[in-house]
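**Student:**
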Amino acid sequence: MPEASIYIPDQILKDAAKHGELVVFVGAGASKLCGSPDWRGFADQVVNALERGGVLGFLEAEQLRGLGDSRRTLSIAMALAEKKGIAIDFDSILHPPKPEAIGSELYELLSNLRPVFVTTNYDKWLDEAGPEELSTEVKVGGEAEPAKGPSRRPKYYLREHLSPALLAERGAVIHLHGSYVDPSSMVVSLKEYIEHYADPRVDAFLRAMFKNHTVLFVGYGLAELEILDHIIRSNESLRTGKAEPRHFLLYAYRSTESVQKGFLEHFFRDQCGVCVIPYCIDTKGYREVVEVFKGWNSELDVRDPTTLDLQSHLDRCIASPTAVNREAALRLVRKWPELASYFVNSLKDAVWFGDLDSAGFFEVEHSPKVKVVESERGTLYQAEGWPALRYLEQIAASAQGDQATRIAGIVRAISSDAQQRGLDNWRTWWSLATILSQLPLDVMTDLDVDMIRSWLAGRFESNMVGQELGEKLLPRLLDSSEPANWHRALLLVEALTMVRRTGESS
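First residue of the sequence shown: 1, per the working numbering; consecutive thereafter.
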């Protein structure tokens, strides 16, 4: 009988775990170990629910079950349930009152790894953390230790949830085909499969997964080849001709199936870009997969992505700023706020403006104060920069129409708030001057020149602010054919030449 110690993960898997790049992709085989039905059992139970609800007679139900293709049966049954308004109790169909011990043990071992989980299963087994919480039985707690509900991992099951950024969220569970908690999210019929995998969000997610991560498939066999076909076609290495697969599939086989195993190894490697890791089930049956993970657990050191890994995620999103990638980048920054400066400082394209604005990057609450530093040389003042303003400096010259009007409004709001709160930050004034000097002149008003006076009249040296306005904005006003702009040029000259007190040290 093979010992668990003989199971040693491939070095590629070890390296992926260490660099926070391991994705464990869980299929129906893992759920069956918990006592969940296979596709045939799932379809039959949905048909039974329709029969109990009076939607189908005995003969109709019998013939629907006898179609041969369980997914086709399930597709028809769910369409009938929706049409007739029958609520299917997917919870009771998918989940026994208590999971089988072997399934609990498998999910405990997977939980200990805490990689990113992706699954085509609709059930809850991955959602609830820890083996003890996999049971639906009520737990009784005492006075000293009251009963607690299950602690749950971050769970995503709607198509709009899908984003490459989720692949950096260690411990997250991504239900690629939806979840039982929202039957409308469940991808079941052929039509739904086609629509689902044609969705650019799904495509972008899978492409990012195969390109930037190492995927380990668990619980997939011959019965799931059709599902794997939809998923693996997003593996770009198949088209680019990369020779060495870095994705893996755990495959259970009997010793009498060695020839078939060889055929499948070649099929997955050549047609799917996936390396098969076979394990023999002659002795322990399907619980042998538990022995595999027992052997692997001490070898797979799954870590959170490093700052460099996260920055690489952002770089890929910035290089291809599609709507999906922009949302992915913002999701990363929301989860790891320490990435915000790196992210915004890397942006040069105006396509990001609306997303940053909606996400609150230009809100006045982020306006930095001047820091007071006591040193041997006396009191010094340090002005912090604001990356979001540096981004506006980058795009102001190309801004037009509503975007230019909105940027001008942001400048006014920041200036007004800083005056009210006494935030005399010369770096903020300098950025605002740079932005305003590049915007279309038709968004300016006479009041903006009054605003400029406040930037020049602060406690600190304002030469850089004045130089920016004098060298960039003033010539544009003078060259304009609009008399209103000539008037603003005169007002600006008055502001630039007004007597100011000597600035303090900075």
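Ideal Cβ placement from N, Cα and C applies to all residues, glycine included.
Small disclaimer: the values here were computed from a predicted structure and weren't measured.
Would you kindly check if the distance between the Cβ of Y251 and the Cβ of L264 is under 8 Å?
**Tutor:** Result yes, Cβ atoms of L264 and Y251 sit closer than 8 Å.
**Student:** Please say whether A208 and P164 have beta carbons closer to each other than 8 Å?
**Tutor:** Cβ atoms of P164 and A208: closer than 8 Å.
**Student:** Could you pull the start and end residues of the alpha helix (DSSP H) that K14 belongs to?
**Tutor:** It spans 11-18 - the alpha helix (DSSP H) in which K14 sits, taken as one unbroken run.
**Student:** What number of angstroms, rounded off, separates the C-alpha of I410 from the C-alpha of R72?
**Tutor:** When rounded, the distance between both Cα atoms is 55 Å.
**Student:** Which runs of the beta strand (DSSP E) fall wholly inside the region 97-121 and span at least 3 residues, in chain order?
**Tutor:** Listed in chain order, the complete beta strand (DSSP E) runs (minimum 3 residues) inside the region 97-121 are 116-119.
**Student:** In or out: V552 buried (at least 16 other Cβ within 10 Å) or exposed?
**Tutor:** Because the chain here runs from 1 to 506, residue 552 falls outside it and cannot be looked at.
**Student:** In its own chain, which residues sit with a C-beta less than 7 Å from the C-beta of T405, not counting the 5 before and 5 after it?
**Tutor:** Closer than 7 Å at the Cβ level, and outside the excluded window around T405, lie V443.
**Student:** Between E288 and W352, what straight-line distance do the alpha-carbon atoms span, to the nearest angstrom?
**Tutor:** Each residue's alpha carbon lies about 50 Å from the other.
**Student:** With distances taken Cα to Cα, identify the nearest neighbour of P115 among M78, G385, G171.
**Tutor:** P115 has its Cα closest to that of G171, out of M78, G385, G171.
**Student:** Are there 16 or more other CB atoms within 10 angstroms of the CB of G262, so buried, or fewer, so exposed?
**Tutor:** Burial call: exposed.
**Student:** Mind checking M498: buried by the 16 CB within 10 Å criterion, or exposed?
**Tutor:** Label assigned to M498: exposed.
**Student:** So Y251 is in the beta strand (DSSP E); what residue range does that whole segment cover?
**Tutor:** That run of the beta strand (DSSP E) goes 247-253.
**Student:** Check each candidate in E82, L94, I12 and name the one with the smallest Cα separation from D38.
**Tutor:** Measuring from the Cα of D38, the nearest candidate turns out to be L94.
**Student:** So the candidates are R254, S92, L423, E108; which of them puts its Cα closest to the Cα of Q382?
**Tutor:** Among R254, S92, L423, E108, the Cα nearest to that of Q382 belongs to L423.
**Student:** Rounded C-beta distance between Y391 and V333? I'm assuming under 8 Å.
**Tutor:** Not confirmed; about 13 Å, so no contact.
**Student:** Buried or exposed: where does N112 fall if 16 or more other Cβ atoms within 10 Å of its Cβ makes it buried?
**Tutor:** So N112 counts as exposed.
**Student:** If you run the structure through DSSP and keep just helix, strand and coil, what is C34?
**Tutor:** It is coil, neither helix nor strand.
**Student:** Given that a residue counts as buried once 16 or more other Cβ atoms are within 10 Å of its Cβ, and exposed if not, what is F117?
**Tutor:** By the neighbour-count rule (16 or more Cβ atoms within 10 Å), F117 is buried.
**Student:** Does the distance from the C-beta atom of I227 to that of T120 stay below 8 Å?
**Tutor:** Taking 8 Å as the Cβ cut-off, I227 and T120 qualify as a contacting pair.
**Student:** Could you give the distance in angstroms between the alpha-carbon of Q45 and the alpha-carbon of F268?
**Tutor:** Approximately 32 Å between the Cα atoms of the pair.
**Student:** Closer than 7 Å by C-beta to A302: which residues in its own chain qualify, once you throw out the five before and the five after it? Chain order, please.
**Tutor:** According to the sequence provided, residue 302 is Val. The question's Ala does not apply to it. Closer than 7 Å at Cβ, skipping near neighbours: A17, L22, L113, R114, P115.
**Student:** For A383, write down the residues that DSSP places opposite it in a beta bridge.
**Tutor:** Answer by DSSP bridge pairing, in chain order: V370.
**Student:** Assess contact between the region 84-91 and the region 179-191, defined as three or more Cβ pairs (one per stretch) separated by less than 8 Å. Is contact present?
**Tutor:** At 8 Å Cβ cutoff, the stretches touch.
**Student:** Since F267 is in the alpha helix (DSSP H), which residue starts that stretch and which ends it?
**Tutor:** Segment 258-267, the alpha helix (DSSP H) holding F267.
**Student:** Quick one: measure Cβ to Cβ for E468 and W426, integer angstroms, because I've assumed they're closer than 8 Å.
**Tutor:** Contact flag wrong, Cβ pair sits at about 12 Å.
**Student:** Sort I435, L300, L126 by Cα distance to E393 and report the nearest one.
**Tutor:** With distances taken between Cα atoms, E393 lies closest to I435.
**Student:** Using DSSP's beta-bridge definition, name the partner residues of V465.
**Tutor:** In the DSSP output, where bridge partners are listed per residue, V465 has none listed.
**Student:** Give me the Cβ distance between I6 and G285, rounded to the nearest whole Å; I'm assuming they're in contact under 8 Å.
**Tutor:** Contact doesn't hold; Cβ gap of about 17 Å is too wide.
**Student:** Using DSSP bridges, identify the partner residues of Y156.
**Tutor:** In the DSSP output, where bridge partners are listed per residue, Y156 has I174.
**Student:** Would you give the residue range spanned by the alpha helix (DSSP H) that I194 belongs to?
**Tutor:** Per DSSP, I194 belongs to the alpha helix (DSSP H) from 190-198.
**Student:** So what does G378 bridge to, in DSSP terms?
**Tutor:** Note: G378 sits in a beta bridge opposite S375.
**Student:** What residue range is occupied by the uninterrupted beta strand (DSSP E) comprising Y279?
**Tutor:** Counting along the chain, the beta strand (DSSP E) containing Y279 begins and ends at 274-280.
**Student:** Residues in its own chain within less than 8 Å of P154 by CB, not counting five upstream and five downstream?
**Tutor:** Taken in chain order, the residues that qualify are E169, G171, A172, V173.
**Student:** Could you tell me the distance, in whole angstroms, from the CA atom of R331 to the CA atom of D270?
**Tutor:** Cα to Cα, the separation comes out at about 35 Å.
**Student:** Quick test of your reading: V290 and L106, contact by CB under 8 Å. State the CB separation rounded to the nearest angstrom.
**Tutor:** Right, the Cβ-Cβ distance comes to about 5 Å (below 8 Å), so this counts as a contact.
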